[in-house]
Amino acid sequence: MDAQEIFQAGLKAVSPADCVDRVVSLEHSMLRISDTNYDLNNISRIIVVGAGKATPAMALAIENILSKHINDGLITTKYGHRLPLRYIETVECGHPVPDKEGVNGTQNLLNMVSKLNSDALVICLFSGGGSALLPAPVEGINLSEKQETTQLLLEAGCTIDEINTIRKHISQIKGGLLAKAAHPAKVVSLMLSDVIGDKLDTIASGPTCPDNTTYSDSLEIIRR
């Protein structure tokens with residue numbers, strides 16, 4: 397009995413909804429996200445975007461808190477992981493190898509955040525699987541080449557840090573480029589880590605985080 401209670405307590409502690417509820421709250425017009433307050437009277441639009449296998453549950457928790465304050469939103473997730481959302485669109489796509497649906501969904505997500513003003517707030521939700529679920533190949537690389545690259549890296553036994561280092565350097569959204577696209581809007585990210593050490597630039601390949609890796613790092617991983 398004790399073992400079951402411990403197990404259930406452990407599951408509840410990492411529940412995506414509970415994790416969001418612990419750091420996000422709304423009281424009257426004041427939105428609190430961790431230690432930062434946002435006065436909704438000064439926010440023109442709230443956009444919710446994200447990617448990951450647990451992201452639909454995170455999005456549902458955000459909807460329960462913000463409801464009609466959400467003006468638009470889009471998340472990508474693995475096939476079969478959709479949840480009933482009212483204000484945030486869900487695109488189901490390929491994981492761990494990206495597919496065309498993922499490319500289209502990611503492009504729509506980028507378009508959604510790319511024309512915002514400085515008084516807009518973009519809430520980003522990332523969880524495990526986010527890298528594969530946010531495919532946006534750079535110019536000169538097509539989807540089939542990105543699929544082959546992903547498959548070869550997986551078969552070679554690369555670590556998630558190594559795979560995501562390369563992913564960041566063949567992407568239009570990873571390695572901080574989502575935050576760049578959303579500028580000058582305010583951007584805040586909520587992340588559920590499946591990465592040992594919780595490196596922010598590795599979780600979902602860090603779409604809103606500075607990239608600490610280089611093209612030389614990517615080439616060295618490929619050589620190994």
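In our numbering, the protein residues as written are 397 to 620. Beta carbons: idealized from backbone N, C-alpha and C, even for Gly.
Output needed for residue i: all residues of its chain with C-beta closer than 6 Å, excluding positions within five of it in sequence on either side, in chain order.
i: Met454; result: Pro412, Val416, Leu521
i: Pro606; result: Gly572
i: Glu558; result: Ile617
i: His477; result: Lys449, Pro452
i: Asp613; result: Thr561
i: Ile707; result: Outside the shown range of the chain, which is 397 to 620, sits residue 707, and nothing can be said about it.
Counting C-beta neighbours from all protein chains within 10 Å, is the total for residue i 16 or more, i.e. buried, or is it exposed?
i: Val420; result: buried
i: Lys474; result: buried
i: Ile599; result: buried
i: Ser463; result: exposed
i: Glu401; result: exposed
i: Ala405; result: exposed
i: Leu588; result: buried
i: Glu459; result: buried
Might you give, ordered along the chain, the residues of its own chain that have their beta carbon closer than 7 Å to the beta carbon of residue i, omitting 5 neighbours on each side?
i: Leu456; result: Ala413, Leu479, Leu481
i: Val445; result: Gly469, Leu470, Ile471, Leu505, Met508, Val509, Val518, Cys520
i: Thr604; result: Cys520, Gly572, Leu574, Ala575, Val583, Ser585
i: Met426; result: Asn433, Asp435
CB-CB under 8 Å to residue i, same chain, minus the five flanking residues each way: which ones, in chain order?
i: Thr609; result: Thr561, Lys564, His565, Gly571, Asp597
i: Pro533; result: Val499, Leu539, Glu541, Lys542, Ile566, Ser567, Gln568
i: Glu423; result: none
i: Pro494; result: Ala528, Leu529, Pro531, Leu539, Lys542, Gln543, Thr546
i: Glu488; result: Thr472, Thr473, Lys474, Tyr475, Gly476, His477, Arg478, Glu497
Among the candidates the options, whose CA atom is the shortest distance from the CA of residue i?
i: Ser601; options: Gly524, Glu423, Asn467; result: Gly524
i: Leu550; options: Lys496, His491, Ile592; result: His491
i: Val591; options: Ser612, Thr555, Glu535, Asp613; result: Thr555
i: Ala552; options: Arg441, Arg619, Gly593; result: Arg619
i: Ser430; options: Ile484, Ile537, Arg418; result: Arg418
i: Ala516; options: Leu615, Ile443, Ala409; result: Ile443
i: Phe513; options: Leu407, Asp398, Asn438, Arg428; result: One detail in the question is off: residue 513 reads as Asn in this sequence, not Phe. The option with the nearest alpha carbon to Asn513 is Asn438.
i: His465; options: Pro580, Glu485, Arg441; result: Arg441
Which whole-angstrom value is the C-beta distance of residue i and residue j, which I expect to be below 8 Å?
i: Ala447; j: Gly526; result: 4 Å
Worksheet entry | Secondary structure, alpha helix (DSSP H): runs of 4+ residues fully inside the stretch 538-582 | The stretch 538-582 contains these whole alpha helix (DSSP H) runs: 539-551, 556-564, 573-578.
Fill in: Length at least 4, wholly inside the stretch 448-507: the alpha helix (DSSP H) runs in chain order
As far as the stretch 448-507 is concerned, its whole alpha helix (DSSP H) runs of at least 4 residues are 451-462.
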